[in-house]
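Going by numbering that gives the first Met the number 0, the residue at position 52 of the sequence shown is 51; the numbering climbs one at a time, nothing skipped.
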Amino acid sequence: MQNMVDMQDGFVEECFQMRSRDEYAKDVDSLKSGNESLCHVRGVKRFCELNNVVSYHVTENYSLDIMQIFLEGIVPLEMECVLLSLITEKLDTFRWRS
Numbered sequence: 000m001q002n003m004v005d006m007q008d009g010f011v012e013e014c015f016q017m018r019s020r021d022e023y024a025k026d027v028d029s030l031k032s033g034n035e036s037l038c039h040v041r042g043v044k045r046f047c048e049l050n051n052v053v054s055y056h057v058t059e060n061y062s063l064d065i066m067q068i069f070l071e072g073i074v075p076l077e078m079e080c081v082l083l084s085l086i087t088e089k090l091d092t093f094r095w096r097s
């Protein structure tokens, strides 16, 4: 698994190794170890009850999460870029009131 520095520098999927069921189980067990200062281990906060569904495991889920991809990722980033461009490049077109 990657550390925080690797995650910040990697930009393509091939740079990363997917978490296995065993690694997920170890992370969940680490949370259950009794160390109350741990609120998450490598992104895992608690056991996912969806894993109790037959033929499903979170480590093998390849569907996209629209909330994370669009509303927490792409849209705010693009809006920031558009606003920054409007403010810096077209500053003289705005009429400032004092």
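Virtual Cβ for every residue (Gly too), placed ideally from N, Cα, C.
Along the chain, where does the alpha helix (DSSP H) containing residue i start, and where does it finish?
i	result
Ile86	Val74 to Glu88
Ser29	Arg20 to Leu30
So what does DSSP say about residue i, is it helix, strand or coil?
i	result
Met57	The question names Met, but residue 57 in the sequence shown is Val. The answer is helix: DSSP assigns Val57 an H, G or I state.
Val11	coil
Val52	coil
Please find out if some non-hydrogen atom of the ligand ATP comes closer than 7 Å to the beta-carbon of residue i.
i	result
Asn50	With respect to the ligand ATP, the structure offers nothing, as it holds no ligand at all.
Could you check if residue i is buried or exposed, using at least 16 other CB atoms within 10 Å of its CB as the buried criterion?
i	result
Tyr55	exposed
Asp26	buried
Just the Cα atoms here: how many angstroms apart are residue i and residue j?
i	j	result
Val149	Glu48	Any property of residue 149 remains undetermined from this structure, which presents the chain solely from 0 to 97.
Leu76	Ala24	34 Å
Does the Cβ-Cβ distance between residue i and residue j come in under 8 Å?
i	j	result
Leu30	Arg18	no
Val40	Asn50	no
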